Structure formats: structure tokens, C-alpha cells
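Take a look at the structure below.
Number of protein chains: 2
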Amino acid sequence: MSAEPRLLGDGAALQIRLAGRDLRFHAMWLRDNAPDAATRSPANGQRLITLLDIPANTRIAEASWQEGALAVRFEPEDRRIVFDPGWLLAHAYDRPAPPTPGWTGEAVRRWDAESAAEVAVENYDAIRSDKAALMRWLATVRRYGFARLTGVPARDGMVCEVASLFGYVRETNYGRAFDVRAEVNPSNLAYTNIGLQAHTDNPYRDPVPGLQLLACLRNSVAGGGSIVVDGFKVAERLREESRRGFELLSGRCARFDYSGTKGVRLRSKRPLIELGPDGELIAVRFNNRSAAAFTDIPYHEMADYYAAYRRMAELVEEPSLSFRFQLAEGDLFIVDNLRVLHARDSFTGSGERWLQGCYADKDGLLSTLAALEEES
Amino acid sequence: MSAEPRLLGDGAALQIRLAGRDLRFHAMWLRDNAPDAATRSPANGQRLITLLDIPANTRIAEASWQEGALAVRFEPEDRRIVFDPGWLLAHAYDRPAPPTPGWTGEAVRRWDAESAAEVAVENYDAIRSDKAALMRWLATVRRYGFARLTGVPARDGMVCEVASLFGYVRETNYGRAFDVRAEVNPSNLAYTNIGLQAHTDNPYRDPVPGLQLLACLRNSVAGGGSIVVDGFKVAERLREESRRGFELLSGRCARFDYSGTKGVRLRSKRPLIELGPDGELIAVRFNNRSAAAFTDIPYHEMADYYAAYRRMAELVEEPSLSFRFQLAEGDLFIVDNLRVLHARDSFTGSGERWLQGCYADKDGLLSTLAALEEES
Chain A
-14 MSAEPRLLGD
-4 GAALQIRLAG
6 RDLRFHAMWL
16 RDNAPDAATR
26 SPANGQRLIT
36 LLDIPANTRI
46 AEASWQEGAL
56 AVRFEPEDRR
66 IVFDPGWLLA
76 HAYDRPAPPT
86 PGWTGEAVRR
96 WDAESAAEVA
106 VENYDAIRSD
116 KAALMRWLAT
126 VRRYGFARLT
136 GVPARDGMVC
146 EVASLFGYVR
156 ETNYGRAFDV
166 RAEVNPSNLA
176 YTNIGLQAHT
186 DNPYRDPVPG
196 LQLLACLRNS
206 VAGGGSIVVD
216 GFKVAERLRE
226 ESRRGFELLS
236 GRCARFDYSG
246 TKGVRLRSKR
256 PLIELGPDGE
266 LIAVRFNNRS
276 AAAFTDIPYH
286 EMADYYAAYR
296 RMAELVEEPS
306 LSFRFQLAEG
316 DLFIVDNLRV
326 LHARDSFTGS
336 GERWLQGCYA
346 DKDGLLSTLA
356 ALEEES
Chain B
-14 MSAEPRLLGD
-4 GAALQIRLAG
6 RDLRFHAMWL
16 RDNAPDAATR
26 SPANGQRLIT
36 LLDIPANTRI
46 AEASWQEGAL
56 AVRFEPEDRR
66 IVFDPGWLLA
76 HAYDRPAPPT
86 PGWTGEAVRR
96 WDAESAAEVA
106 VENYDAIRSD
116 KAALMRWLAT
126 VRRYGFARLT
136 GVPARDGMVC
146 EVASLFGYVR
156 ETNYGRAFDV
166 RAEVNPSNLA
176 YTNIGLQAHT
186 DNPYRDPVPG
196 LQLLACLRNS
206 VAGGGSIVVD
216 GFKVAERLRE
226 ESRRGFELLS
236 GRCARFDYSG
246 TKGVRLRSKR
256 PLIELGPDGE
266 LIAVRFNNRS
276 AAAFTDIPYH
286 EMADYYAAYR
296 RMAELVEEPS
306 LSFRFQLAEG
316 DLFIVDNLRV
326 LHARDSFTGS
336 GERWLQGCYA
346 DKDGLLSTLA
356 ALEEES
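Chains as they are written, first to last, in the numbering used here: chain A, -14 to 361; chain B, -14 to 361.
Written as C-alpha cells, this is what we have:
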């Protein structure tokens, strides 16, 4: 076994060696994360105590390796807790600071026009009946923020059926599902035959629906091709070109609104590029149609902000970053709507183009995927 | 009329005087926000052009007041656009920087045990039939993050009916609606008779449901009282006491998870106190039961982080910040689940306690409220 644990600061923390790394853990953190049945419900995993149930002066009185596990005795409770070294290694927080703002985790792979070809296409019957196929498809969404499906029955409501394979439809004022076809008096420019610049959907909502599914029920028009763009790749390119531009688009809020329907006045205030507090890239919002007047950028930064916004728009239209494909009856695609932009070419009035879409949330998809991975 | 507009930087911007303030606007911002029918669809308000349709070298060639409106001619497009001065004033961005981190807008009023008594109670029949009453009730939610309702028929599914008055139910793995009553093998500690520390619901989701509604269908137990706490008030108190503690809880991510049900592995990584990029306080998450191991706080900050987390937990339990009430059959309450924590006292096994809850999103509520306010 490894060397014995070393107490630090009179038991305020300890240091152990695991997988060749020296790792420190605080007494309070260990006590709060104790896995024993009095701290965590063995049935549902929920914590049974509050932080205030743990004495503020908690310290480690003793620590040792026992049968490969870390045994810790806490004072003043005089409570002995055993920690699994694998769990400790997986949850170690004694490590270097995160990289530069705009980083993403290992689960995310950015793509461009060329590498988007890696994104495998799955079949509806397969993902419906075979857990391995479903897992593969969901993992594609997690990795690329985009995935395709063929063989979806071209029927009203099927798009929601697909969503129900991994999560729950997010109903909105557009309904549970919504039809995207040319209309005479459209409440939204999507319901016309004009081309739509690549965009994320509904940035005027807060929270934005994290997933959009679009199924093709009919397509006999000329044009109307589909395009997707990895917004995380766009953000990365922007940061490489101009750190200042990236800081402005991530550090200042944009505004969006939608008032196209009676009784609906949706408004949001969020950045075009959203970072977590630790600089992780967590979302991209981009939509020329619903962008409202930006009023949260100081006057002296506005010119530079607009220059960066323009550069972002150029990157969004950059052919080397766009993946194009044609939707046929029975095809469906899903995008991570906080990451991947979608667009369509204009189309002519002859023939019919009928897509049906729905929204869902990413947490449900990731939860289903994690559960499948655990089972397999 | 006011003095004539003054061009700045060779037409890169202009300055006007409105309501006693000197306000500057950039040429690009004005052009992008032009209200004319070629820029914005008169039918649905959506922008018809992309930023790339506007020349990068756009400047103001001339500007003058004409019949009370600001007439601007842009070069190189040679396009003349007229702006409403009221609109310009409402969207002016030439103003001082936002205040210290943790600020909230005018729509939000923080409350404590005493001032929570201001929160009026409405009647279900009234808000269902009278738009003014509905508007009042929704405005209470926007202001206080909490509102109550009486006279809700104590029937299965009514909680979703109430949500449909302003928005859409967010369906989750708990269903569209979920029952909160004591169970023998609970998948969640909520389904027991133990007391629950004040918490926000489902911080392990991302996005977190922005609203929770809880309706009381039966209550004949002893105990089980309801408590709400304004998390924005808690955050303010914490900031007043310790700027450093506030910075840690807002500047570092916590983690949450839930695995109590087969096939469900929900995980999130978000701060306990969430600020927008401009320091606006936008969310509070707090839940001892589903807090996972926090692994995104550097080792040298963890002790101070835990001290601030403990202080937050103390404030959450501070009686002067808690509003207590008893739910009777036909009562319902709603909380802004990104702001207001709710708790319940333990109760005894004699008698029956049956609540039914559902989730919804805040954007739908705020949209309905804004539309009602516009109509009235």
C-alpha cells in the first residue's frame, strides 16, 4: 500500500499519494462527502444531513490505509468514515487551475466542415430497439452537439417520439411540436421560403431549450438545404484571432426578444458566448432575427463589441466551418441548441417542404446516456 | 426641440440631448437597430437582415430632429432612417457602469420574515377569470419570487391547470406533476415525513426549472408547516458580511447530482450564487440533499469556500429571513426556483399530507405578464 496519510495543519486536511499524485483533502470536505449510511441515504444517494449538522471545528484526528481504503476518524464527532481511493482520485480537487477562458471538457470535440463527416448517422429502428445504438447516438450528441437519424416514419408527432427515447419535450408557445413550412402570414420568418442565416433557436427564452430536433416529413422543393455550424468552434476561432473580441462577447450581455404572436413577449439578456465562472465555454447564442437592441455594453466598448460581433457573423458563414446536408423524408437531425447553429438555404415555391420540430433539454439526454453507460 | 444632434468621430457616432441627458449612439448600433420595414418585419418584429448586410464602414452622414423624431442618413448605403426619441431614451447605453456584483434590477424586491407579509394572496377563481388579478399575481412572482393562491380545487392535476394560466409545464422524470406524500421506499427524501432544510429544487438539472408550484390536496397531519426564504436576500446579507465569501460562492462552481431512480443520472456544475457577466444576481442554488462533492474549487480556496457555504446555510436557517405559513386544502404556492428556497417542518404519521407539484419556466410567466401589461 501507499505511504501512510499525512495530517496537515493539525488535522484541518490530509495528504495522500494516489496514482503517483500527492493529493490534499480538507477535513470539512471529507466529512461533508462521507459515504456512510448516516450521511447519505443508501437507497437514493441523497445527503441526510445539512452542513450545520457538521461541527464547524471538524478536524481529522487519525487517518490510515486499511485494507486498501482510507480510514479517517473525525473530531469532535469521534466518527470513523472509510473512503474508497478510486472515488477520492475521481473527485480530487488539488490540481492546477483550469486553462484559459473558453475551454471545454474532454467530452466535447469541436468540428469543422471536414471533420463533421465523422458524425455517424444512425437508424431510428436501431436506436429504438438496441440500447447500444441509442447510447452511440446520444454520445454523438454529447460529443459533437449534432447527430442525424434516418428511417423515422414521416408522420405527425414522430419528432416527439424520438425525444421520448431520451428525455422530455419542452413545450413552448409554439406547441409541443411545431411545423416548419411556408405560410402566408408567418408569425416567424422560419415559416417562409427565405434562407435563414445560421442561428441558435429561441435565444429570447431563458432558459433556452438545450436541444432542437427537426424531422423531415416532406421535401420536394428545390433548395432548402440544411447547414450546421459548431458554435464552439466559432468561439474558439474568434478567441484565437482576438482575445479582446472574445472577452467582449463573453463578458457583456446581448439581448433578444420575440413578440411575433399575440400574448407573447419573450425577452432575455444573456451573452453571445457564455462562460461558466471558471471560464468553461457553456453556451453560444446567435440569431440575427431575434437580436434586440444591445443596451448592456458601455459606450466606450460598443464599437469594439460590434467589430467582434461582425467577425463572429463572418465565421458563422465561413464555408470551411459549415457542414451541409439535404434532408429527405424520414430524416431527422438534432442539435445542441446552446452550441450548434443551424441554417437553411432559401427554396422555391414549387413542391412541398414540411419539417416538424420540437425542443427538449440536454440534462435529460445526458442523464439517460450516463445511465446507459453505467449499465453497459 | 432640443439642440441639433452632434456628429462624433467623423460620423462614427452621434450625440443627442434627451430628458436632460447627453446620450451618444454609434452609427453601427443605430443602423443595426433601424426600425424601418426593410430592416424589421412589420408583421412579427423580427430582423430581416444580418449584420453582414450592413457595410462595415457604416457612418452617419447627417442627423437632425424632424417633427420630434431623429432622422439619420447613413453612408455608404445612403439610407435614411427615423428613430423615435422615446425608444432611444429607453435603449440608451451611454450610462455609468453597473453597480457592485450581486445587484438586481428594479423589478426585484428582496424580503425577509417581516416584509414577506406584503405578499398578497390571490384567489384562483379571480386570477382565472380576471386579467387584472392574474396580472397582479404574476407581478408578485416577478417582484418577490413567491406568491400564494387560495381556492384551488383540491383535485389531481389542478397544479398544472394553474401553470397553464401563464405558461407551460416542464415535464421531468418525476412526471408532469408529482405527488409529495409519505412513501415507504422513497426515491426522494421529499417523499418522507422528515423535515427538509430550505432548498431550491432540482439544482442537479441544467437548466433548473425556474418555477415550482405546490398545491395542497390534503393536510391533516401535525406539523409539516411550510417555510420560504428569499435566496437573493441571503446572498445580499452574505455579501454585506463578507465580500470574499460572496466572491467564492459566485466565482466557483458547485456540483449537484441525483441518481435516486433507475435510468436517471442527473448531474450539474453551477455556482451556488450565479451572477451574469455584468454582476447581476441571476440565480441561487442550495440543496444539501443533492449537493455532490465540490471538485472545482482550488485546494487553497476550499477552506474559505466551506466557511462561506456554512455562513450561507446559517442565513438560510435564520428565523428573521424565513417566512412561515401553513398550507390548507385548496392552497397553492409558487416559488421562483432560481431565487426562493422552500422548506417544510417534519410531520407525524397520523393524518394525511398530500401535496402535488409541477415545474414551469420563468420566461413563459414573464412573457405572459409583459403581454398583459401591454394590453392594460
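Each residue gets a CB set at the ideal place from its N, CA and C atoms; glycine is no exception. Values in this document were obtained by computation on a predicted structure and should not be read as measured data.
In chain order, what residues of the same chain lie with their CB nearer than 8 Å to the CB of ASP289 of chain B, ignoring the 5 residues before and after it?
By 1-based counting over the second sequence, the position of residue 289 of chain B is 304. Closer than 8 Å at Cβ, skipping near neighbours: ARG229, GLY230 and LEU233.
Tell me the start and end of each unbroken alpha helix (DSSP H) in the stretch 114 to 140 of chain A that is at least 4 residues and wholly inside, in chain order.
116 to 129
Run the CB neighbour count on VAL57 of chain B, radius 10 Å, all protein chains shown included, and call it buried at 16 or more, exposed below.
For this step, residue 57 of chain B is matched to residue 72 along the second sequence. Per the 10 Å Cβ criterion, buried.
Taking a cut of 8 Å between CB atoms, which residues from the stretch 110 to 123 of chain A lie near chain B?
none
In terms of alpha-carbon separation, which member of B:SER253, B:LEU260 and B:ALA292 lies closest to ALA278 of chain B?
Against the second sequence, residue 278 of chain B aligns to sequence position 293. Ranking B:SER253, B:LEU260 and B:ALA292 by Cα distance to ALA278 of chain B puts B:SER253 first.
The stretch 61 to 81 of chain B: which residues have C-beta closer than 9 Å to a C-beta of chain A, in chain order?
Cβ proximity to chain A below 9 Å picks out TRP72, ALA75, HIS76, ALA77, TYR78, ASP79, ARG80 and PRO81 from the stretch 61 to 81 of chain B.
Starting from the beta carbon of GLU103 of chain B, find every residue of chain A whose beta carbon is closer than 8 Å, and list them in chain order.
Residue 103 of chain B sits at position 118 when you count from the first residue of the second sequence. Chain A residues near GLU103 of chain B: none, gap ~26 Å exceeds 8 Å.
List the residues that DSSP assigns as beta-bridge partners of CYS343 of chain A.
Locating residue 343 of chain A in the first sequence gives position 358, counting from the first residue. A:ALA162 and A:LEU198.
Using a Cβ-Cβ cutoff of less than 7 Å, which residues in the same chain neighbour ARG16 of chain A once the five nearest sequence positions on both sides are dropped?
Working through the first sequence from its first residue, we reach residue 16 of chain A at position 31. Counting only Cβ-Cβ distances below 7 Å, and skipping sequence neighbours, we find ILE39, THR43 and PHE59.
Of all the CB atoms in chain A, is at least one closer than 8 Å to the CB of SER352 of chain B?
Position 367 of the second sequence, counted from the start, is the residue given in the question as residue 352 of chain B. Output row for SER352 of chain B: interface = yes.
To the nearest angstrom, report how far apart GLU221 of chain B and ILE212 of chain B are at their CA atoms.
Translated into positions along the second sequence, residue 221 of chain B becomes position 236. Translated into positions along the second sequence, residue 212 of chain B becomes position 227. Rounded to the nearest angstrom, the two C-alpha atoms are 19 Å apart.
So VAL301 of chain A is in the alpha helix (DSSP H); what residue range does that whole segment cover?
As a working note, residue 301 of chain A is residue 316 in the first sequence. Unbroken alpha helix (DSSP H) run through VAL301 of chain A: 284 to 301.
Near ALA426 of chain A, which residues of its chain fall below 8 Å by C-beta distance, leaving aside the five closest residues on each side in sequence?
The structure shown does not extend to residue 426 of chain A, since chain A is modelled only from -14 through 361, so no value can be given for it.
If you measure beta-carbon to beta-carbon, which residues of the stretch 157 to 169 of chain A are closer than 7 Å to chain B?
THR157
Under DSSP, the beta strand (DSSP E) around PHE241 of chain B begins and ends at which residues?
Taking the first residue of the second sequence as 1, we reach residue 241 of chain B at position 256. Segment 239 to 243, the beta strand (DSSP E) holding PHE241 of chain B.
Thinking C-alpha only, which one of B:SER244, B:VAL269, B:ARG255 and B:PHE241 is nearest LEU223 of chain B?
The residue you call residue 223 of chain B lines up with position 238 of the second sequence. Closest by alpha carbon: B:VAL269.
Would ASN187 of chain A be called buried (16 or more neighbouring beta carbons within 10 Å of its own) or exposed?
Here residue 187 of chain A is taken as the residue at index 202 of the first sequence, counted from 1. Answer is buried; the Cβ neighbour count reaches 16.
From GLY210 of chain A to SER331 of chain A, what does the alpha carbon distance come to, in whole angstroms?
As a working note, residue 210 of chain A is residue 225 in the first sequence. As a working note, residue 331 of chain A is residue 346 in the first sequence. Cα to Cα, the separation comes out at about 8 Å.
Would you tell me roughly how many angstroms separate the C-alpha atoms of ARG25 of chain A and PHE131 of chain A, rounded to the nearest one?
Within the first sequence, numbered from 1, the residue matching residue 25 of chain A stands at position 40. Within the first sequence, numbered from 1, the residue matching residue 131 of chain A stands at position 146. Approximately 37 Å, taken between the alpha carbons.
Give the DSSP-derived three-state secondary structure of ALA56 of chain A in the structure shown.
Within the first sequence, residue 56 of chain A is the residue found at index 71, counting from 1. ALA56 of chain A: strand per DSSP, three-state reduction.
Who pairs with LYS247 of chain B in a beta bridge, going by DSSP?
Here the question's residue 247 of chain B lines up with position 262 in the second sequence. Residue pairing by DSSP places LYS247 of chain B opposite no residue, since no beta bridge is assigned to it.
Should PRO256 of chain B and SER235 of chain B be called a contact, given that it needs their Cβ atoms to be closer than 8 Å?
The residue given as residue 256 of chain B occupies position 271 in the second sequence. The residue given as residue 235 of chain B occupies position 250 in the second sequence. In contact: PRO256 of chain B and SER235 of chain B (Cβ atoms closer than 8 Å).
Spatial neighbours of ALA4 of chain B within its chain, please: CB distance less than 7 Å, with the 5 preceding and 5 following residues excluded, ordered by chain position.
Along the second sequence, read from residue 1 onward, the residue named residue 4 of chain B stands at position 19. So the list reads LEU74, once near-sequence residues are dropped.
Classify GLN311 of chain A: buried if its beta carbon has 16 or more other beta carbons within 10 angstroms, exposed otherwise.
Reading the first sequence from its first residue, position 326 is the one you call residue 311 of chain A. By the neighbour-count rule (16 or more Cβ atoms within 10 Å), GLN311 of chain A is not buried but exposed.
Pairs of beta-carbons, one from the stretch 241 to 250 of chain B and one from the stretch 294 to 306 of chain B, closer than 8 Å: are there three or more?
no
Answer with yes or no whether the minimum CB distance from THR280 of chain A to chain B is below 8 Å.
The residue labelled residue 280 of chain A in the question sits at position 295 within the first sequence. Contact of THR280 of chain A with chain B is assigned, a C-beta pair being separated by under 8 Å.
Does GLY30 of chain B come within less than 8 Å of chain A when only Cβ atoms are used?
Along the second sequence, read from residue 1 onward, the residue named residue 30 of chain B stands at position 45. A Cβ of chain A is located within less than 8 Å of the beta carbon of GLY30 of chain B.
Contact between the stretch 323 to 330 of chain A and the stretch 62 to 72 of chain B: three or more CB pairs below 8 Å?
Contact check between the stretch 323 to 330 of chain A and the stretch 62 to 72 of chain B: fewer than three CB pairs, one atom from each, fall below 8 Å, which does not count as touching.
So what's SER305 of chain A in DSSP terms, helix, strand or just coil?
As a working mapping, residue 305 of chain A is identified with position 320 in the first sequence. Helix at SER305 of chain A.
For ALA101 of chain A, which three-state DSSP category applies?
For the purposes of this step, residue 101 of chain A is taken as the residue at position 116 of the first sequence. ALA101 of chain A falls in the helix class under three-state DSSP.
What are the boundary residues of the beta strand (DSSP E) that includes TRP50 of chain A?
Here residue 50 of chain A refers to the residue found at position 65 when the first sequence is read from its first residue. Taken as a continuous stretch (DSSP letters only), the beta strand (DSSP E) holding TRP50 of chain A covers 44 to 51.
At a CB-CB cut-off below 8 Å, which residues of chain B make contact with VAL214 of chain A?
As a first step, residue 214 of chain A must be located in the first sequence, where it is residue number 229. Result: empty, since nearest Cβ-Cβ is about 14 Å, beyond 8 Å.
Mapping the DSSP letters down to three states, classify MET(-14) of chain A as helix, strand or coil.
Mapped onto the first sequence, residue -14 of chain A falls at position 1. Annotation note: pLDDT 48 at MET(-14) of chain A (below 50); position unreliable, coordinate value reported separately. The answer is coil: DSSP assigns MET(-14) of chain A none of H, G, I, E or B.
Quick one: any contact between the stretch 131 to 144 of chain A and the stretch -4 to 13 of chain B, if contact means 3 or more CB pairs under 8 Å?
With the rule of 3 Cβ pairs closer than 8 Å, the stretch 131 to 144 of chain A does not count as touching the stretch -4 to 13 of chain B.
I need the straight-line Cα distance from MET13 of chain A to PRO81 of chain A, nearest angstrom please.
Here residue 13 of chain A corresponds to residue number 28 of the first sequence, with the count starting at 1. Here residue 81 of chain A corresponds to residue number 96 of the first sequence, with the count starting at 1. If I take the Cα positions, the gap works out to 21 Å.
Between which residues of its own chain and SER275 of chain A is the CB-CB distance below 7 Å, once the five residues before and five after are set aside?
By one-based count along the first sequence, residue 275 of chain A stands at place 290. Closer than 7 Å at Cβ, skipping near neighbours: PRO188, TYR189, PHE241, ASP242 and TYR243.
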